[in-house]
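full-length UniProt numbering puts the first residue of the sequence shown at 1, with every later residue one more than the last. The beta-carbon is built from N, C-alpha and C at its ideal position, and this holds for glycine as well. Notes for the one structure printed next.
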Amino acid sequence: MTYEQLQELYDLLFKTMGLFHERFLRQFPKESRQYPGIKKNHIMIIGFLYQNHVLTATQIAKMLNMKKGSLTTLIDQLEKLDLVVRHNDTNDRRKSLISLTDAGKLEIEDIMKSSVQCMGKILSNTDPEDLSKFVDSLKYAVKFMQKLRR
Numbered sequence: 001m002t003y004e005q006l007q008e009l010y011d012l013l014f015k016t017m018g019l020f021h022e023r024f025l026r027q028f029p030k031e032s033r034q035y036p037g038i039k040k041n042h043i044m045i046i047g048f049l050y051q052n053h054v055l056t057a058t059q060i061a062k063m064l065n066m067k068k069g070s071l072t073t074l075i076d077q078l079e080k081l082d083l084v085v086r087h088n089d090t091n092d093r094r095k096s097l098i099s100l101t102d103a104g105k106l107e108i109e110d111i112m113k114s115s116v117q118c119m120g121k122i123l124s125n126t127d128p129e130d131l132s133k134f135v136d137s138l139k140y141a142v143k144f145m146q147k148l149r150r
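Structure follows, in structure tokens:
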């Protein structure tokens, strides 16, 4: 790719992130109804765990673009609320694996239900053909990004 093409890609990625936050994420529930102390980053963590089932703190830190030490406090808070659990990795004793508890799964499912309802309102006046193209484009973008080397 040329420098100009890479610059365009960079600009598009940042515009996508900004628009996603502005048009969707800001509209979604920001706090838990059942756990008032849970904030946006807590919700992101349990959302990532719901999608991936089990992650290490390092993996979650990369997804949130934060330092592992900062993440440890958030994980500790979620563990105290019995929403996540840490277990030792049987293949590597240095690693700690993090997963959702049953309460954590119920909590993120409740948050997702509210978010999906909110998304329905946001998209209610969208042309169905445009929405279908958008979903197809997102599916392609996710598959493409999953192919990229880490």
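Item                                                                                                                   : Value
Beta strand (DSSP E) runs wholly inside the segment 83 to 144, at least 3 long, in chain order                         : 84 to 89 and 92 to 100
Neighbourhood of Gln34 by C-beta distance below 7 Å, restricted to the same chain and skipping five residues each side : Glu107
Reference Asn41; option with closest CA among Ser137, Ile75 and Val85                                                  : Ile75
Beta-ladder partner(s) of Leu13, from DSSP                                                                             : None, per the DSSP bridge assignment.
Cβ pair Ile122, Phe24 closer than 8 Å                                                                                  : yes
Any 3 or more C-beta pairs closer than 8 Å across the segment 51 to 61 and the segment 92 to 101                       : yes
Candidates Leu9, Lys15, Ile43 and Gln5, of which the one nearest Glu109 by Cα                                          : Ile43
As assigned by DSSP and simplified to three states, the class of Leu78                                                 : helix
Beta-carbon gap between Cys118 and Gln51 smaller than 8 Å                                                              : no
Asp130 and Ala103 closer than 8 Å at C-beta                                                                            : no
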